[in-house]
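Just so you know, this note's numbering puts 349 at position 57 of the sequence shown, and the rest follows in order with no gaps. From the three backbone atoms N, C-alpha and C, an ideal C-beta is built for every residue, glycine too. Below is one structure, written out as structure tokens; the observations come after it.
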Amino acid sequence: MAWQGFAFDNDAAASVCEGVNYLAACDRARRDGDGDAIADVMLIIEISDGRRQNGGLEYACHSPTAERWFLMKVSRFASSGPVHMVVAHEKITQRRRSEIRARHLARHDPLTDCAIRAQLADRAVPASPSCSCQAS
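Rendered as structure tokens:
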């Protein structure tokens, strides 16, 4: 399974593997400084409580050797008994890298990698308070 390979590649402890309470694992991550963990928990609780049927959150999960991004999707199943949900994580690293590259290219000349004129004008400030020239 993909999650087992991910866990192995990242030296995951047994405390974050199959059979573990997902909300408890998120709470541990939050206490360890993971800022995305609280948003994960809130989304799962909203869906569990029936305030939403589904939802998703993008998050970074970088390793010492690679930058990686994922999309967590949570869906609730309709049932007459206990609440059932699926939490799935999809790797979106290639898409995020493309977005970062597109933002960079929108602000920098592709040949020189220098900031384009429009960006420089946004940052222009008068040389002195008495200067009357304006950036155009």
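Minimum C-alpha distance to residue i - residue among the options
i	options	result
G373	S340, M364, A398	S340
W361	A370, R368, E350, S371	E350
A358	A331, H381, S367, Q386	Q386
L335	V379, H354, L397, R323	V379
C353	R320, A394, D326	D326
Q345	S355, N313, Y314, A370	A370
Buried versus exposed, by CB contacts within 10 Å (16 or more), residue i
i	result
A329	buried
C318	buried
D332	buried
Cβ pair residue i, residue j closer than 7 angstroms
i	j	result
V366	G347	yes
D401	I392	no
E382	L363	yes
R389	M377	no
Check your understanding: Could you give the uninterrupted runs of the beta strand (DSSP E) lying entirely in the stretch 305 to 392, keeping only those of 3 residues or more?
Key -> 346 to 352, 361 to 369, 376 to 383
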